[in-house]
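Protein sequences appear in the order of chains A and B. Mapping of the first sequence onto the working numbering: residues 267 to 347, in sequence order. Mapping of the second sequence onto the working numbering: residues 267 to 347, in sequence order. Quick reminder that beta carbons are idealized off the backbone N, C-alpha and C, glycines included. This report refers to the structure that appears directly beneath it.
Protein chains: 2
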Amino acid sequence: MKAQVIVKLKQGVLDPQGVAIGKSLSTLGFQGVNSVRQGKIFEIDLNASDEKSAKDELQKMSEKLLANPVIEDFEIKVSAS
Amino acid sequence: MKAQVIVKLKQGVLDPQGVAIGKSLSTLGFQGVNSVRQGKIFEIDLNASDEKSAKDELQKMSEKLLANPVIEDFEIKVSAS
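Here it is, written out as structure tokens:
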């Protein structure tokens, strides 16, 4: 089963890396960029009996390792294949 | 206009970080993880007259700064809002 976990900084948490990328885009001549925020995406191939158990497992993985729940939100997408 | 750019390593490009995450998951007791690959996601808020011009601009940004086209693929999603 293939899954994606998207980890993003929570709203209101400062993202200096995103700000730096935004400034670099301006320097390169891209006008009209209001904001940039950077996150992470994990593509995970795992064995699971069904979608629900895969989601439960991914939820635990995200809380324990993939995301820092204090400052980050995460989103889980499972595609049965 | 809000957009997402997802940058992933190309198929076949070694992802040592993803491998390390997979091993950590096993160590934490998550069995059944076959592979993990890590990518980046950029959430960009930009001014553009329409979806097409936003996509063109994002395509250029990705080629110039956000992705390394030699080893990475990117995907652009624009949501008009």
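**OP:** Step through the CB atoms of chain A and report whether any lies within less than 8 Å of the CB of B/Asp311.
**Re:** Within the second sequence, the letter at position 45 stands for residue 311 of chain B. At a cut-off of 8 Å, the C-beta of B/Asp311 has a neighbouring C-beta in chain A.
Subject >> Residues of the region 290-304 of chain B with Cβ closer than 7 Å to any Cβ of chain A, in chain order >> reply: Taking 7 Å as the Cβ-Cβ cut-off against chain A, the residues of the region 290-304 of chain B that qualify are Ser290, Leu291, Leu294, Phe296, Gly298, Val299, Asn300, Ser301, Val302, Arg303, Gln304.
Subject >> Minimum C-alpha distance to A/Asp311 - residue among A/Ser345, A/Ile272, A/Lys276 >> reply: On the first sequence, residue 311 of chain A is found 45 positions in, with the first residue counted as 1. Ranking A/Ser345, A/Ile272, A/Lys276 by CA distance to the CA of A/Asp311 puts A/Ser345 first.
Subject >> A/Ser290 (DSSP reduced to helix, strand or coil) >> reply: As a working mapping, residue 290 of chain A is identified with position 24 in the first sequence. Residue state, collapsed to three classes: helix.
Original post:
Ends of the alpha helix (DSSP H) at A/Asp322?
Top reply: Here residue 322 of chain A is taken as the residue at index 56 of the first sequence, counted from 1. Where A/Asp322 is concerned, the enclosing alpha helix (DSSP H) stretches over 317-327.
**OP:** Output, in sequence order along the chain, the residues in the region 317-344 of chain B whose CB is closer than 8 Å to any CB in chain A.
**Re:** Listed by position along the chain: Glu323, Lys326, Met327, Lys330, Leu331, Leu332.
**OP:** Quick one: grab the DSSP three-state call for A/Val273.
**Re:** If you number the first sequence from 1, residue 273 of chain A lands on position 7. Looking at A/Val273 - three-state DSSP - the assignment turns out to be strand.
Subject >> Buried or exposed by the 16-neighbour rule on C-beta atoms within 10 Å, applied to A/Val271 >> reply: Counted from its first residue, the first sequence places residue 271 of chain A at position 5. By the neighbour-count rule (16 or more Cβ atoms within 10 Å), A/Val271 is buried.
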